[in-house]
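Protein chains in written order, with my numbering: chain B, 1 to 418; chain U, 1001 to 1418. Even glycine gets a Cβ: it sits at the ideal position worked out from N, Cα and C. Every value quoted in this text rests on a predicted model; they were computed, and no experiment measured them. Notes follow the structure.
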């Protein structure tokens, strides 16, 4: 197959991935890492914890692909069958390896524990394969080359898998498909509705080819993934061209390029201005704080927040006037504004946000239905507020509220930049 | 294979399911529907839009399973190859069918539109198969029986797929595995480590059959899924027996049966005692509040919280003494205790929790490494505290901290019940 484009496949092992709750999400991480080097994943499989089934799958897949990445089934328990399945698929011996056992013992020692005897099973190595040290867990992985093809086997725990993928596999395949790398750029849009955006950008589909544009919508946030193939510099120019065209029609809706999510964008905006933020939350109940603090370095600008679920908390912790709560109710524009101002004053921050609404499933009335949410931003240049009746279940309403509030703050920060 | 247990497999067709963003979630719906009738899904695959690849996968899968459910690739465009792949896999003719074309025309008429000419391709029927009408979209599905095995092909759009699955497939397979319906019960364990639990329960594997016990571990929470097969009342008794045996060895580690997660369990415990909770969070940054308020009805017992990310917030909003922060540092047992007591006093709640730690990636020192977390519970019977150095990235450390704190509160509540 010399010179031909090389392809890959993913195999996830584990009966729990054949139930009705979990999907094999490791394959997404693997696909992304391989795509950076021009290798596409052409097939994915999931099989249960059976030596025979795993061995069969490996045999069939390695016959069709240059690279097969297997995840899961490497632990110490009886249902961890992947190691034995690899030995069977390639008809090779499997034997205990003292060095690998030492790795595992060291790992347990780091945790201040003795290695359970059961773990010696993880020190068995398939003849001719390279065992891969696991610095984030105890189960070693393995890499096996056979007739120019590679079988890589990683633990199913994403955090453990990711390290081995980058450290042990990527260097092996980085040169496989020179010049075929596919690169992409993601425009993050806030405060928009998918169908409106679709109408705005539709005329660009023909110009840039529909295949190179993917829209991913989630509640209050939209991602436009723009792709280009080929030599990196040429593809980069193509992406510049695409980005400019999309920015022209989308304007301020574009929150950022290649940003993870709105919290990063807002935190960046605050850092740029050296301003601080505190948040008051009712219906989102801590979700806004949690998302902001999920970003490393948030503490530089995020001072904290109050989850004022009860009226008493709104009064005593962030100074919402008692009469206001009586007169307008906790879910009102007045209270959202007072929360934003109150939390800003209490924390002494430059910006304060307030969110109050009815996330359901109960608590709605004809006048104030489930889904009604008021949000407000208090800042150096005053207070602004918006509201909407969001459709969806409790989780969806909370996420919409979070994103709507972050997006209003983003637009306020952007307006000050101009 | 008469009499033997029948099994199924799922095949999803579509290059978009081989990218780095989307997973085949139709298989979860299919798995659930089949499980109700005692049929387990033993394998899943995803392949791209190639006649050859789809045909190969169908051929391999139908040879190994009694039922293969294919989704996707039935539309009118050039990359919809599933219909042709079925014809090739079974070596059969494919021909236009006037009745099927009429269905599609009717569907477009309902939407007030003429059928585009391109759609006639969807009216082609594989010889000997039964076309399935689509009442929720335009692409027909198909059902093909061959040597006692069934191939079912549905559109990839979940809403369209679901209707055909229930209407056209379920009646065909409902009697396949009589008395083999499988029911399960999930024990939720908090504050445990997988390998320790594994050692405790290992002797039960032989007694109840390894296949009926699945362990699902996530940071600080473990789920033991116990399954039993057969007639519902017999299987129910078997589950009672299993649950009793597991409870005997696991004791207080068992937080609940068939509960979603620890927040539900803690909120239930509080409701039972008619007691209230307020939380103070530093490194979890709102995650604890967010998880608690994600549960409908949380407001009955959850009063709110403070995210005291900065030292000033710890001092001014929940009364952690300034000197204590100077002497012991923000990440210390003393401060965790003071946070729990302070938030309890401020909100006037029965219980208060405090969490302070270093989630990383930066901020660690030799004495206080990344992952060090202190948590405390203040309640009617006093204050207790624990600490640990959790391994993992920022997200993992935060989730561990959350679950460790919820679990300590759960155990405190349980102790009062006794």
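Residue 1347 of chain U has a beta carbon lying within less than 9 Å of a beta carbon in chain B. With its beta carbon at least 9 Å from every one in chain B, residue 1192 of chain U lies outside the interface. Here residue 1077 of chain U is exposed. Its C-beta has fewer than 16 other C-beta atoms within 10 Å. If you draw a 10 Å sphere on the C-beta of residue 351 of chain B, you find 16 or more other C-beta atoms in it, and that means buried. Per DSSP, residue 1042 of chain U is not a residue of any alpha helix (DSSP H); the beta strand (DSSP E) it occupies stretches across 1040 to 1047.
Per DSSP, the beta bridge partners of residue 1224 of chain U are U:1187 and U:1215.
For residue 1396 of chain U, the nearest beta carbon of chain B is closer than 9 Å to its own beta carbon.
Listed along the chain, the chain U residues whose CB falls inside 7 Å of the CB of residue 313 of chain B are 1303, 1304 and 1347.
Inter-residue distance for residue 170 of chain B and residue 1122 of chain U is about 42 Å (C-alpha atoms, whole angstroms). Proximity to residue 1230 of chain U across U:1036, U:1008, U:1025 and U:1221 peaks at U:1036, based on C-alpha coordinates.
By DSSP's assignment, residue 1182 of chain U forms a beta bridge with U:1229.
Counting other Cβ atoms within 10 Å of its Cβ, residue 215 of chain B stays below 16 and is therefore classed as exposed. The segment 98 to 116 of chain B makes no contact with the segment 56 to 64 of chain B: fewer than 3 CB pairs, one atom from each, lie closer than 8 Å.
Of all alpha-carbon atoms in U:1289, U:1114 and U:1242, the one lying nearest the alpha-carbon of residue 1264 of chain U is that of U:1289. Counting every other CB atom within 10 Å of its CB across the protein chains shown gives residue 4 of chain B a total below 16, marking it as exposed. Residue environment: residue 314 of chain B is assigned as buried (16 or more neighbouring CB atoms within 10 Å of its CB, all protein chains considered). Using a CB distance cut-off of 9 Å, residue 230 of chain B does not count as an interface residue toward chain U. Rounded to whole angstroms, the separation of the alpha carbons of residue 1353 of chain U and residue 1398 of chain U is 15 Å.
DSSP, read as helix, strand or coil, puts residue 59 of chain B in helix. The beta carbon of residue 1071 of chain U sits no closer than 9 Å to any beta carbon of chain B.
Here residue 274 of chain B is exposed: its Cβ has fewer than 16 other Cβ atoms, across all protein chains shown, within 10 Å. Under the 9 Å criterion on CB atoms, residue 1310 of chain U is classed as interfacial with respect to chain B. Against chain U, the beta carbon of residue 81 of chain B has no neighbour under 8 Å; the closest one sits roughly 11 Å away.
Around the beta carbon of residue 1117 of chain U, a 10 Å sphere encloses fewer than 16 other beta carbons of the protein chains shown; the residue is thus reported as exposed. When the alpha-carbon of residue 158 of chain B is set against those of B:257, B:254 and B:29, the nearest one is in B:29. Residue state for residue 1368 of chain U is assigned as coil, using DSSP reduced to three classes. Straight-line measurement puts the Cα of residue 1039 of chain U at about 53 Å from the Cα of residue 277 of chain B. With the criterion set as a beta carbon lying under 7 Å from some beta carbon of chain U, the members of the segment 96 to 116 of chain B are 116, in sequence order. Of the candidates B:48, B:218 and B:266, the residue whose Cα lies closest to the Cα of residue 400 of chain B is B:218. When rounded, the separation of the alpha-carbon atoms in residue 1332 of chain U and residue 1386 of chain U is 10 Å. Only those residues of the segment 360 to 378 of chain B whose C-beta falls short of 8 Å from the nearest C-beta of chain U are listed: 360, 361 and 362. When the Cα atoms are used, residue 1377 of chain U and residue 1286 of chain U turn out to be separated by approximately 17 Å. Between residue 12 of chain B and residue 72 of chain B the beta-carbon gap is near 6 Å, inside 8 Å, which marks them as a contact. Sequence-ordered contacts of the segment 1032 to 1045 of chain U with chain B read 1032, 1035, 1040, 1041, 1042, 1043, 1044 and 1045 [C-beta pairs closer than 8 Å].
For residue 58 of chain B, no CB of chain U lies under 9 Å from its own CB, so it is not counted at the interface with that chain.
In the displayed model, residue 388 of chain B falls within a strand according to three-state DSSP.
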